[in-house]
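Numbering that gives the first Met the number 0 applies: residue 0 is where the sequence shown begins, and numbers increase by one.
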Amino acid sequence: MDGKTILITGGTGSFGKKFVETVLKRHTPRKIIIYSRDELKQFEMQHNPTYRKEGVLMRYFIGDVRDEERLKKAMEGVDYVVHAAALKQVPACEYNPFEAVKTNVIGGQNVINACIEKGVRKVIALSTDKAAAPVNLYGATKLTSDKLFIAANNFKGAHDIKFSVVRYGNVMGSRGSVIPFFLQKRKEGVLPVTDERMTRFNITLQQGVDFVLESFKRMWGGELFVPKIPSYRILDLAKAVAPECKVEVVGIRPGEKIHEEMITQADALNTIEFDDYFVILPSVQLGNDPNLKLWDTEEFRLKSNGQPGKFCEYGFSYNSGANPHFLTVEELRELIEKNVVVA
Numbered sequence: 000m001d002g003k004t005i006l007i008t009g010g011t012g013s014f015g016k017k018f019v020e021t022v023l024k025r026h027t028p029r030k031i032i033i034y035s036r037d038e039l040k041q042f043e044m045q046h047n048p049t050y051r052k053e054g055v056l057m058r059y060f061i062g063d064v065r066d067e068e069r070l071k072k073a074m075e076g077v078d079y080v081v082h083a084a085a086l087k088q089v090p091a092c093e094y095n096p097f098e099a100v101k102t103n104v105i106g107g108q109n110v111i112n113a114c115i116e117k118g119v120r121k122v123i124a125l126s127t128d129k130a131a132a133p134v135n136l137y138g139a140t141k142l143t144s145d146k147l148f149i150a151a152n153n154f155k156g157a158h159d160i161k162f163s164v165v166r167y168g169n170v171m172g173s174r175g176s177v178i179p180f181f182l183q184k185r186k187e188g189v190l191p192v193t194d195e196r197m198t199r200f201n202i203t204l205q206q207g208v209d210f211v212l213e214s215f216k217r218m219w220g221g222e223l224f225v226p227k228i229p230s231y232r233i234l235d236l237a238k239a240v241a242p243e244c245k246v247e248v249v250g251i252r253p254g255e256k257i258h259e260e261m262i263t264q265a266d267a268l269n270t271i272e273f274d275d276y277f278v279i280l281p282s283v284q285l286g287n288d289p290n291l292k293l294w295d296t297e298e299f300r301l302k303s304n305g306q307p308g309k310f311c312e313y314g315f316s317y318n319s320g321a322n323p324h325f326l327t328v329e330e331l332r333e334l335i336e337k338n339v340v341v342a
């Protein structure tokens, strides 16, 4: 990242702010560009010393990923792009479906077009566990976005650019997620739980940022990176947040799963496992020649990580309910204390 110009779409969100904070602590980029729609959040970032460093230019662009021309202006001279902008709330996407399509799908293609035209070198798009075997519109739009970014490596032409995707599960304490919701509800003495069997993957914001930074180093272009992360049971989370509260089962919401997946059985046929992460390989071909791939998958397995990976076995899936690593109530409580701001 040293000496590079980096643009983050949705840069005023939870991920964007932690990403900028981390990069400024560890590196000295030439410039960081925050691209987002929210002028208030941009104002707050501009006046927060956390997001300033001597010798690093900080630029703030008001813009929407739906606006391709504005993206092109923002992409001038950019080396790396992190695409974090999205409509993410499942109920909101269910109620406003085409708005989710315009931001998550059309917006994603606009980012791709702008990156290719303006000579960006590396692009990582953020995905979600809900994009694996999606049952809600948010997941479906993010799966479509994932496919667009992977396939973008096919039509980059002579441009020296790589596109990859990072997919991970629930970010602990992110806006609109279950932990802040439980923290608010514990004041009322009752925690609403949709289903007692429910499990979720869990990753901290810092772990998510670190994984994206590592993926920038590893990427060949066309991979979908999935970290190995723990799961939690919703009832254990309720005990960790408010053991004194009553749990009320309210029923599954539209578009909600009991367990989340990050790698389906179909994905696993094309997935390589490394020590602390998986890579879903690109299945797209260049043209109609089945022998013409983006790159040699066996070479990738042997050389991409400094040590060989292994192909996943038939029938494997990476599922929050069957995960070998579950967080205990005590571990959850400790993570919440360290990573979640309690209002």
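For every residue, glycine included, the Cβ atom is placed at its ideal position computed from N, Cα and C.
Straight-line gap, residue i to residue j (C-alpha atoms, nearest Å)
{"i": "Asn95", "j": "Thr102", "result": "11 Å"}
{"i": "Ser144", "j": "Ala124", "result": "8 Å"}
{"i": "Phe181", "j": "Pro323", "result": "25 Å"}
{"i": "Gly314", "j": "Gly138", "result": "22 Å"}
{"i": "Gly118", "j": "Ala151", "result": "14 Å"}
{"i": "Cys311", "j": "Asp274", "result": "12 Å"}
{"i": "Val170", "j": "Val225", "result": "14 Å"}
{"i": "Val19", "j": "Lys256", "result": "32 Å"}
{"i": "His26", "j": "Gly76", "result": "19 Å"}
{"i": "Lys129", "j": "Lys141", "result": "8 Å"}
{"i": "Gly10", "j": "Glu93", "result": "24 Å"}
{"i": "Asp209", "j": "Asp194", "result": "32 Å"}
{"i": "Gly220", "j": "Asn109", "result": "18 Å"}
{"i": "Val250", "j": "Val192", "result": "For the record, residue 250 in the displayed sequence is Gly; it is not Val. For Gly250 and Val192, the distance between alpha carbons rounds to 7 Å."}
{"i": "Ile31", "j": "Ser176", "result": "28 Å"}
{"i": "Lys227", "j": "Gly207", "result": "11 Å"}
{"i": "Phe162", "j": "Lys121", "result": "6 Å"}
{"i": "Asn318", "j": "Glu272", "result": "15 Å"}
{"i": "Glu38", "j": "Leu86", "result": "17 Å"}
{"i": "Leu56", "j": "Val211", "result": "22 Å"}
{"i": "Met261", "j": "Glu333", "result": "25 Å"}
{"i": "Arg29", "j": "Gly2", "result": "5 Å"}
Three-state class that DSSP yields for residue i in the structure shown
{"i": "Arg185", "result": "helix"}
{"i": "Glu75", "result": "coil"}
{"i": "Phe277", "result": "strand"}
{"i": "Glu260", "result": "strand"}
{"i": "Glu20", "result": "helix"}
{"i": "Val81", "result": "strand"}
{"i": "Thr327", "result": "coil"}
{"i": "Ala157", "result": "coil"}
{"i": "Lys245", "result": "strand"}
{"i": "Tyr167", "result": "coil"}
{"i": "Met44", "result": "helix"}
{"i": "Asn103", "result": "helix"}
{"i": "Ala131", "result": "coil"}
{"i": "Ala150", "result": "helix"}
{"i": "Tyr313", "result": "coil"}
{"i": "Thr4", "result": "strand"}
{"i": "Leu56", "result": "strand"}
{"i": "Glu272", "result": "strand"}
{"i": "Val240", "result": "helix"}
{"i": "Val119", "result": "coil"}
{"i": "Leu293", "result": "coil"}
{"i": "Ala91", "result": "helix"}
{"i": "Ala113", "result": "helix"}
{"i": "Asn201", "result": "strand"}
{"i": "Ser176", "result": "coil"}
Under 8 Å between C-beta atoms of residue i and residue j
{"i": "Ala84", "j": "Val64", "result": "yes"}
{"i": "Arg196", "j": "Glu259", "result": "no"}
{"i": "Asn269", "j": "Ser230", "result": "no"}
{"i": "Thr4", "j": "Tyr34", "result": "no"}
{"i": "Ile160", "j": "Cys114", "result": "yes"}
{"i": "Arg166", "j": "Leu223", "result": "yes"}
{"i": "Ala132", "j": "Thr263", "result": "yes"}
{"i": "Phe325", "j": "Arg232", "result": "yes"}
{"i": "Gly254", "j": "Asn112", "result": "no"}
{"i": "Ala241", "j": "Leu190", "result": "yes"}
{"i": "Tyr50", "j": "Leu6", "result": "no"}
{"i": "Arg217", "j": "Ser282", "result": "no"}
Local Cβ density within 10 Å of residue i, reported as buried at 16 or more and exposed below that
{"i": "His46", "result": "exposed"}
{"i": "Thr127", "result": "buried"}
{"i": "Phe154", "result": "exposed"}
{"i": "Gly188", "result": "exposed"}
{"i": "Gly12", "result": "buried"}
Test: residue i CB closer than 8 Å to a CB of chain C
{"i": "Asp66", "result": "Within the model displayed, chain C is absent; a lone protein chain is all it includes."}
Assumed close pair residue i, residue j - CB separation to whole angstroms, cut-off 8 Å
{"i": "Asp235", "j": "Val328", "result": "5 Å"}
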